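I have placed the structure first, in the form of structure tokens, so that the comments after it can refer back to it.
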């Protein structure tokens, strides 16, 4: 089955600096890669996603890149702010013949220091 | 408003006392799933359901049961809870759109379960 590895498990950055979280996946059939943000005590919510036919996607201060050959994808947050502090999960998803499977990484706890 | 609703939000119970955590979605999604979240282990899938009366084991199914009698409901059942099932539980539903493929998972608010 799919295996998603996520690094680092914790990350501290100064406000205004950039943060990068990296994930690798094992199943070449995975074709959808969402990122979720979970604020303290809240549910995970989608912040950005990318499909396998796209190499990069950007939405204001966040961007995601995908390297299908190497099977890795990354989340980039620029100009970090204290409200970016949260746990971030990457995921790899595939759908084949009516079967759908989403596998999550273990999460990265991001702390933005004011 | 499109949403996934879990109940209860918090639950403290004793070892061996059967309990059910309910999950309901109003988005007509075929796919629903249960996850448990533990520190350092992320979100691990317990069971999932592709549609009514179709369920299958995820990565950590031991000690849990599910049912999918209606499209909108996907309850999680712990027949004989044990302390190692103390965790934060999330229900999620996922739409699949022909031509677009997989899309985001919509999570419930979470249920924090403590088994003493």
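Protein chains in written order, with our numbering: chain A, 1 to 114; chain B, 1001 to 1116. C-beta atoms are modelled at their ideal positions from N, C-alpha and C, and glycine is treated no differently. Remember, it's a predicted structure, so these values are computed and weren't measured experimentally.
For this session: Answer yes if the region 1048–1064 of chain B comes into contact with the region 1024–1038 of chain B, meaning at least three C-beta pairs across the two stretches below 8 Å, and no otherwise.
Result: yes
Exercise. Any residues in the region 1062–1094 of chain B with a beta carbon nearer than 9 Å to a beta carbon of chain A? Which ones, in chain order?
Worked result: 1090, 1092, 1094
Problem set entry | C-alpha gap between residue 1012 of chain B and residue 1022 of chain B, whole angstroms | Walking along the second chain from the start, residue 1012 of chain B turns up at place 12. Walking along the second chain from the start, residue 1022 of chain B turns up at place 22. Those two C-alpha atoms are separated by around 15 Å.
Problem set entry | Nearest neighbour of residue 85 of chain A, chosen from A:32, A:38, A:92, A:31 [CA to CA] | For this step, residue 85 of chain A is matched to residue 85 along the first chain. The shortest C-alpha separation from residue 85 of chain A is found at A:38.
Exercise. When burial is assigned at 16 or more other CB atoms within 10 Å of the CB, is residue 61 of chain A buried or exposed?
Worked result: As a first step, residue 61 of chain A must be located in the first chain, where it is residue number 61. Residue 61 of chain A should be labelled exposed.
For this session: May I ask you to report which of helix, strand or coil DSSP gives residue 82 of chain A?
Result: As a working mapping, residue 82 of chain A is identified with position 82 in the first chain. Helix.
For this session: Using only alpha-carbon positions, find the residue among A:3, A:110, A:95 that is nearest to residue 1043 of chain B.
Result: As a first step, residue 1043 of chain B is located in the second chain; it is residue number 43 there, counting from the start. It is A:3.
Exercise. From the beta carbon of residue 27 of chain A, is the nearest beta carbon of chain B less than 8 Å away?
Worked result: One-based indexing of the first chain puts residue 27 of chain A at position 27. False, the Cβ-Cβ gap to chain B never drops below 8 Å.
Problem set entry | Beta-carbon proximity list for residue 1061 of chain B, same chain, < 8 Å, skipping 5 on both sides | As a position in the second chain, residue 1061 of chain B is number 61, starting the count at 1. 1046, 1047, listed in sequence order.
Exercise. Between residue 5 of chain A and the rest of its own chain, which residues show a CB-CB distance below 6 Å, the 5 nearest in sequence each way excluded?
Worked result: Position 5 of the first chain, counting from 1, holds the residue named residue 5 of chain A. Within the same chain, residue 5 of chain A has close Cβ partners 24.
Exercise. Is the CB of residue 1053 of chain B under 8 Å away from at least one CB in chain A?
Worked result: The residue given as residue 1053 of chain B occupies position 53 in the second chain. Output row for residue 1053 of chain B: interface = no.
Exercise. Going by the CB atoms, is the gap between residue 1015 of chain B and residue 1082 of chain B shorter than 8 Å?
Worked result: Position 82 of the second chain, counted from the start, is the residue given in the question as residue 1082 of chain B. Position 15 of the second chain, counted from the start, is the residue given in the question as residue 1015 of chain B. Yes.
Problem set entry | residue 1025 of chain B classed as buried or exposed, judged by whether at least 16 other C-beta atoms fall within 10 angstroms | Within the second chain, the letter at position 25 stands for residue 1025 of chain B. Label assigned to residue 1025 of chain B: buried.
Exercise. Using the C-alpha atoms, what's the distance from residue 1079 of chain B back to residue 78 of chain A?
Worked result: Here residue 78 of chain A is taken as the residue at index 78 of the first chain, counted from 1. Here residue 1079 of chain B is taken as the residue at index 79 of the second chain, counted from 1. C-alpha separation (whole angstroms): 47 Å.
Exercise. For residue 95 of chain A and chain B, any beta-carbon pair shorter than 8 Å?
Worked result: Mapped onto the first chain, residue 95 of chain A falls at position 95. Yes, residue 95 of chain A lies at the interface with chain B (some Cβ there is under 8 Å from its Cβ).
Exercise. Between A:100, A:59, A:43, A:68, which lies nearest to residue 89 of chain A when the distance is taken from Cα to Cα?
Worked result: Against the first chain, residue 89 of chain A aligns to sequence position 89. It is A:43 whose Cα lies nearest to the Cα of residue 89 of chain A.
For this session: Figure out for me which residue from B:1110, B:1094, B:1111, B:1053 has the closest Cα to the Cα of residue 1103 of chain B.
Result: Locating residue 1103 of chain B in the second chain gives position 103, where the first residue counts as 1. Considering only alpha carbons, the answer is B:1094.
Exercise. Residue 1048 of chain B lies in the beta strand (DSSP E); which residues open and close that run?
Worked result: Here residue 1048 of chain B is taken as the residue at index 48 of the second chain, counted from 1. 1042–1051 is the span of the beta strand (DSSP E), which, as asked, contains residue 1048 of chain B.
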